[in-house]
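Asker: Residue numbers (our numbering), protein chains in the order written: chain A, 2 to 317; chain B, 1105 to 1526. Please read through the structure below; I'll follow up with questions.
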């Protein structure tokens, strides 16, 4: 009896029914993503290898990239945008993420009153449209109608007010900080979730060993939330190098004054779609988009293959 | 249940477009769409111009579809490329529309009835370089100058300045008085600095058409004294602008002036209608001051707006009917009075009701007219000279660039692609 059963299994492998439902359930997302994300991406990369030669779209190899990095004006614009974008990213890394972590650490303290209220209040700007955020900050900071000058006057700081958005030295920092204000809720939420995941036993054990307060944060909690901080950094990196909307609403497509807030997104917009009397150049725009894609790809790859592998993970 | 759902899906996806197509075909009216960047003129078109046309031409329905000025050209070009643009295309002057015509997107209008109502100068902005083919019906030109608050001038006791020295003396007096911001202008949007600043006062320095043509011919350079001096004058405006002018936008400037907080507004005549609607004080206007008393004055009288025919439009006949109406004296009269500040280019003189508009147009008698220097021929390449001038004019006023640096930068950009015909 048992012999025959075994023989059966060996000769006739169990035939599972084809699991169609997997394909069916995956299809909608797969089709939509392919249609609206993957195909356009491939098409953009392809377009960056083409240009209009004598009125016809023709394959030109890498010559668009040669023009982008070789033409004195275009390359100056590009490096300017890249440098501004790096500063934009650094400000987010130095302000948004530490502040987000600090707020999350405070929110996760047991016994904090109104924690739920603070959590929602700080997260709300993230849900607002960038148009609203850009518009209200433009109004707040307006030297003519804004409340910033009068509020600063109330506390005797009128001298410190300047038309920040209109000065080449301060505009980029001001725009970056508006963006930080808007998105600080995201690192806060992710880190907060990670902090809540730390088991109480670990913390209690730390307390038994006399590690409390600040040193508990530095020595116990921070190492445990490092993977989350890594994810937050990658999200910030991708978000910042794709950024466009806030600069566009606050400073316009020219990203003034004198290109001081021009980041890759606004440069791409002006090049691809054109602006006022400057005609749009689809191929050159696609070239910039391809470079942006490569920059982001390189950054994410660096994180995935170099940083994430060295990160120590703890299992509870 | 599923059957009902299926039939609903079927009805909405398959039958609905068919139904739309059916209603579209059965209607006898021709629908014309006008692509435009004149957001501000929407009420004028909807309430005055279109009804006047439709009353005379039953069976043609016209829709005015404006969009943001800075996005107009890229958007309309994309639409023309894709074949989804409206039948009528509002034309920017000179190089931009010429490029559309050369691509075959705008049709030639040489045999349009009524096109002979315009002089060659009027048509120049929308004709090929040899002047043989016209591709847009000229609608209007705009004149630059300064609009001032008459009450403020009376308060402080100053007269209209005629020379540059007088101009700065007036500004100084307003600054000392402290009640009004002397000049309502900001540099945040950049284009104000060039359009209301450099292009406005410049013609007096580069001697209007003489300088502009010499620049195109390569006989003058943007680094010549005639082209640098207006930047020097602009740099002197800085102390007379409002607090925080670096972050002041175009609407901010308009509001500062119409609320009566500023004395002088460097203007284009297109401001007349909106200012009339907003301001509750008397306004006057003066042309850009000359260097010395008795100098010939030059004004920027820029062919600004025309309207052309989408060569691949669906209702060519109806659209042509509309265009020849636009070319008629009737339209000229209607438009010039509905949108005071847009001066008709029609050969038939138009009687304007608006005093401020009359003031602007009266300068044509004594002053020589010219157009914006970056508009024709030298505005064709990359980097775009117009945009470059926006940027450096703002920089000069902000004080982050000297007039000489600004001029050198624009000339360098121009040299990189423009080779004047020898």
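Using N, Cα and C, we set each Cβ at its ideal position, and we do this for glycine too.
#1: Could you name the residues of the region 239–265 of chain A whose beta carbon sits closer than 7 Å to any beta carbon of chain B, in the order they occur along the chain?
#2: Just to make sure I have the definition right: I need the residues of chain B whose C-beta is within less than 9 Å of the C-beta of residue 278/A. Which are they?
#3: Along the chain, where does the beta strand (DSSP E) that runs through residue 1192/B open and close?
#4: State the CB to CB distance for the pair residue 259/A and residue 1491/B, rounded to an integer number of angstroms; the pair is presumed to be in contact (CB under 8 Å).
#5: Strictly below 9 Å CB to CB, what residues from chain A border residue 1498/B?
#6: Below 9 Å between beta carbons is the criterion; list the residues of the region 1284–1296 of chain B that meet it against any residue of chain A, in chain order.
#7: Between the Cα of residue 249/A and those of 239/A, 271/A, 234/A, 123/A, spot the shortest distance and give me the residue it belongs to.
#8: Specify, as a first and last residue, the run of the beta strand (DSSP E) that residue 1253/B falls within.
#9: Quick check on DSSP: helix, strand or coil for residue 315/A?
#10: Mind listing which residues of the region 164–185 of chain A have their C-beta closer than 8 Å to chain B's C-betas, in chain order?
#11: Using 7 Å as the threshold, is the C-beta distance between residue 1498/B and residue 1294/B below it?
#12: Among 243/A, 310/A, 178/A, whose alpha-carbon lies nearest the alpha-carbon of residue 228/A?
#13: Compute the distance between the beta-carbons of residue 147/A and residue 251/A, then report whether it is under 7 Å.
#14: Given a threshold of 16 other Cβ atoms within 10 Å of its Cβ, counted over all protein chains shown, does residue 1194/B qualify as buried or as exposed?
#15: Going by alpha carbons, who is nearest to residue 139/A out of 172/A, 19/A, 119/A?
#16: Residue 1451/B by DSSP, collapsed to three states: which one?
#17: Near residue 1128/B, which residues of its chain fall below 7 Å by C-beta distance, leaving aside the five closest residues on each side in sequence?
#18: Please report the straight-line C-alpha distance between residue 1407/B and residue 1448/B, rounded to a whole angstrom.
#19: Short of 7 Å Cβ to Cβ, which residues in the region 1348–1362 of chain B face chain A?
#20: Alpha carbon to alpha carbon, what distance is there between residue 128/A and residue 117/A?
#21: With 7 Å as the limit, tell me which residues of the region 1502–1516 of chain B have their beta carbon closer than that to any beta carbon of chain A; keep them in chain order.
#22: Return the first residue and the last residue of the alpha helix (DSSP H) that residue 181/A is part of.
#23: Give the interface partners of residue 74/A over in chain B, defined as CB-CB distance under 8 Å, in chain order.
#24: Contact check, residue 189/A vs residue 105/A under 8 Å by CB: the rounded distance?
#25: Short of 6 Å in beta carbon distance, which residues of its chain neighbour residue 1296/B, apart from the five on each side in sequence? Order them along the chain.
#26: Please confirm if residue 118/A has its CB atom under 7 Å from at least one CB of chain B.
#27: According to DSSP, simplified to helix, strand and coil, what is residue 1226/B?
#28: Output yes if chain A places a C-beta closer than 7 Å to the C-beta of residue 1299/B; else output no.
#29: Please look up how many angstroms separate the CB atoms of residue 1213/B and residue 1360/B, rounded, as I've assumed it's under 8 Å.
#30: Would you kindly work out how many angstroms separate the C-alpha atoms of residue 308/A and residue 1363/B, rounded to a whole number?
#31: Would you mind sorting residue 1300/B into buried or exposed? The rule is 16 or more other CB atoms within 10 Å of its CB.
#32: Under a three-way DSSP split, which group does residue 1158/B fall into?
#33: With 7 Å as the threshold, decide whether the Cβ of residue 1174/B is near any Cβ in chain A.
#34: Here's the rule I'm using: 16 or more other beta-carbon atoms within 10 Å means buried, otherwise exposed. How should residue 1196/B be labelled?
#35: Give the residues of chain A in contact with residue 1088/B, contact being defined as C-beta atoms less than 9 Å apart.
#36: Please list, in chain order, the chain A residues whose beta carbon lies closer than 9 Å to that of residue 1181/B.
Answerer: Looking at the atomic coordinates:
#1: Residues of the region 239–265 of chain A with a C-beta atom less than 7 Å from some C-beta of chain B are 253, 254, 255, 257, 258, 259, listed in chain order.
#2: Listed along chain B are 1177, 1196, 1199, 1200, 1478, 1479, 1483, 1488, 1489, 1490, 1491, each with a C-beta nearer than 9 Å to that of residue 278/A.
#3: Here the beta strand (DSSP E) through residue 1192/B covers 1192–1195.
#4: About 12 Å; that fails the 8 Å criterion.
#5: Under the 9 Å cutoff, chain A gives 257, 258, 259.
#6: Listed by position along the chain: 1290, 1291, 1292, 1293, 1294, 1295.
#7: Nearest of 239/A, 271/A, 234/A, 123/A to residue 249/A, Cα basis: 271/A.
#8: Bounds of the beta strand (DSSP E) holding residue 1253/B are 1240–1253.
#9: The answer is coil: DSSP assigns residue 315/A none of H, G, I, E or B.
#10: Taking 8 Å as the Cβ-Cβ cut-off against chain B, the residues of the region 164–185 of chain A that qualify are 164, 165, 166, 167, 168, 169.
#11: Yes. Within cutoff.
#12: Residue 310/A is the option with its Cα nearest to residue 228/A.
#13: Against a cut-off of 7 Å, the Cβ pair of residue 251/A and residue 147/A comes out as no contact.
#14: Buried is the call here.
#15: When each option's Cα is compared against that of residue 139/A, the closest is 172/A.
#16: Of the three classes helix, strand and coil, the one that applies to residue 1451/B here is coil, per DSSP.
#17: In this predicted model, residue 1128/B has a pLDDT of only 42, less than 50, meaning its place in the structure is not dependable enough to derive any value.
#18: If you draw a straight line from the Cα of residue 1407/B to the Cα of residue 1448/B, it is about 10 Å long.
#19: Contacts with chain A (Cβ-Cβ distance below 7 Å) from the region 1348–1362 of chain B involve 1348, 1350, 1351, 1352, 1356, 1360, listed in chain order.
#20: Rounded to whole angstroms, residue 117/A to residue 128/A spans 17 Å at the Cα level.
#21: Within the region 1502–1516 of chain B, the residues whose Cβ lies closer than 7 Å to some Cβ of chain A are 1502, 1504, listed in chain order.
#22: Residue range 172–184 is occupied by the alpha helix (DSSP H) that includes residue 181/A.
#23: Those are 1486, 1487, 1517, 1520, listed as they occur along chain B.
#24: At roughly 5 Å, the Cβ-Cβ gap stays under 8 Å, so residue 189/A and residue 105/A are in contact.
#25: Result list for residue 1296/B: 1289, 1354, in chain order.
#26: Chain B contact via Cβ: absent.
#27: Residue state, collapsed to three classes: helix.
#28: It does not; no Cβ of chain A falls within 7 Å.
#29: No, residue 1213/B and residue 1360/B are not in contact; Cβ-Cβ is about 42 Å, not under 8 Å.
#30: Rounded to whole angstroms, residue 308/A to residue 1363/B spans 58 Å at the Cα level.
#31: The residue in question, residue 1300/B, is buried, as its Cβ has 16 or more Cβ neighbours within 10 Å.
#32: Helix, per DSSP.
#33: The C-beta of residue 1174/B comes closer than 7 Å to at least one C-beta of chain A.
#34: Buried is the call here.
#35: There is no way to answer for residue 1088/B, as the model of chain B reaches only from 1105 to 1526.
#36: Going along chain A in sequence order, the residues near residue 1181/B (Cβ under 9 Å) are 275, 280, 281.
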